[in-house]
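A.B. asks: The numbering used here puts the first residue of the sequence shown at 25, with every later residue one more than the last.
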Amino acid sequence: MNNDFFKEELLELSLMWKEEWIQLLFLNDSLEDNKSYYSAIIDNNKIESIMNNYSWDIQFWYWKPWFIFYWDGKAEYKWIWNDWIDYLVFYRIWSWKEDRIFEISQEFILFYDLYYTGASYIKINDDWEEEIIIKISNNKVEAKLKYIKEFLTIKNKKLVIYFDLTRFFK
Numbered sequence: 025m026n027n028d029f030f031k032e033e034l035l036e037l038s039l040m041w042k043e044e045w046i047q048l049l050f051l052n053d054s055l056e057d058n059k060s061y062y063s064a065i066i067d068n069n070k071i072e073s074i075m076n077n078y079s080w081d082i083q084f085w086y087w088k089p090w091f092i093f094y095w096d097g098k099a100e101y102k103w104i105w106n107d108w109i110d111y112l113v114f115y116r117i118w119s120w121k122e123d124r125i126f127e128i129s130q131e132f133i134l135f136y137d138l139y140y141t142g143a144s145y146i147k148i149n150d151d152w153e154e155e156i157i158i159k160i161s162n163n164k165v166e167a168k169l170k171y172i173k174e175f176l177t178i179k180n181k182k183l184v185i186y187f188d189l190t191r192f193f194k
């Protein structure tokens with residue numbers, strides 16, 4: 025078995041915190057290599073338990089409000105499945121459509137007063153220059169790391185990147 029694929033991917037993951045842009049979400053469903061990144065904002069007091077757990081704390085269907093019905097007849101509304109997780113990117117799909125949509129947290133958009141151009145979110149700086157803060161394509165969402173770090177510092181939270189690397193062989 026050739027481990028070069030995994031070595032290259034792990035190197036890419038280790039370097040992502042040193043680049044100008046960070047991938048908050050990436051989906052690749054090729055027939056040979058399947059690579060996905062998903063991100064979440066986590067309460068500081070949950071980091072240790074997350075890092076000691078092999079499973080993911082997020083799934084596509086958790087990224088929306090829920091109304092939960094319990095066996096005892098009680099019901100509960102939840103904005104997000106886990107109260108200690110928040111998202112910068114919401115991934116939306118529909119079973120009857122091929123389209124998928126990546127939406128950015130309204131809190132992040134409003135905090136930086138961003139506007140959407142169809143493929144990116146732009147910030148107007150104090151010198152009236154436009155700066156691209158978030159880029160969105162059909163399979164990827166990237167953000168300038170500087171703004172992500174600042175946002176996390178203000179919220180006193182951490183960004184966690186979940187990744188899935190799969191290689192298929194004949």
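Think of the CB as a built atom: it goes at the ideal place given N, C-alpha and C, for glycine as much as any other residue.
Name the DSSP beta bridge partners of Glu127, please?
C.D. replies: According to DSSP, which records beta bridges pairwise, Glu127 is partnered with Phe114.
A.B. asks: Go to Thr141, then tell me how far its alpha helix (DSSP H) extends in each direction, as first and last residue.
C.D. replies: That residue, Thr141, is in no alpha helix (DSSP H); it is neither H nor E in DSSP.
A.B. asks: Counting Cβ pairs, one atom from each stretch, are 3 or more of them under 8 Å apart for the region 31 to 40 and the region 139 to 152?
C.D. replies: These segments do not touch.
A.B. asks: Please report how far the alpha carbon of Ile156 lies from the alpha carbon of Gly97, in whole angstroms.
C.D. replies: Going by the C-alpha atoms only, they are around 49 Å apart.
A.B. asks: If we count the other Cβ atoms within 10 Å of its Cβ and call it buried at 16 or more, is Phe175 buried or exposed?
C.D. replies: Burial call: buried.
A.B. asks: Cα-Cα, which of Ile160, Thr190, Leu49 is closest to Thr141?
C.D. replies: Comparing Cα-Cα distances from Thr141 to each of Ile160, Thr190, Leu49, the minimum goes to Ile160.
A.B. asks: Going along the chain, which residues of its own chain have a beta-carbon closer than 6 Å to the beta-carbon of Leu48, five neighbours each way excluded?
C.D. replies: The answer, listed in chain order, is Ser63, Leu112, Val113, Val165, Ala167.
A.B. asks: Can you tell me whether Asp188 is helix, strand or coil according to DSSP?
C.D. replies: In the structure shown, Asp188 sits in a strand (DSSP, three-state: E or B).
A.B. asks: With a cut-off of 8 Å on the beta carbons, I'd call Asp188 and Ser60 a contact; round off their distance for me.
C.D. replies: About 5 Å; that satisfies the 8 Å criterion.
A.B. asks: Which whole-angstrom value is the C-beta distance of Ile146 and Tyr139, which I expect to be below 8 Å?
C.D. replies: Contact flag correct, Cβ pair sits at about 6 Å.
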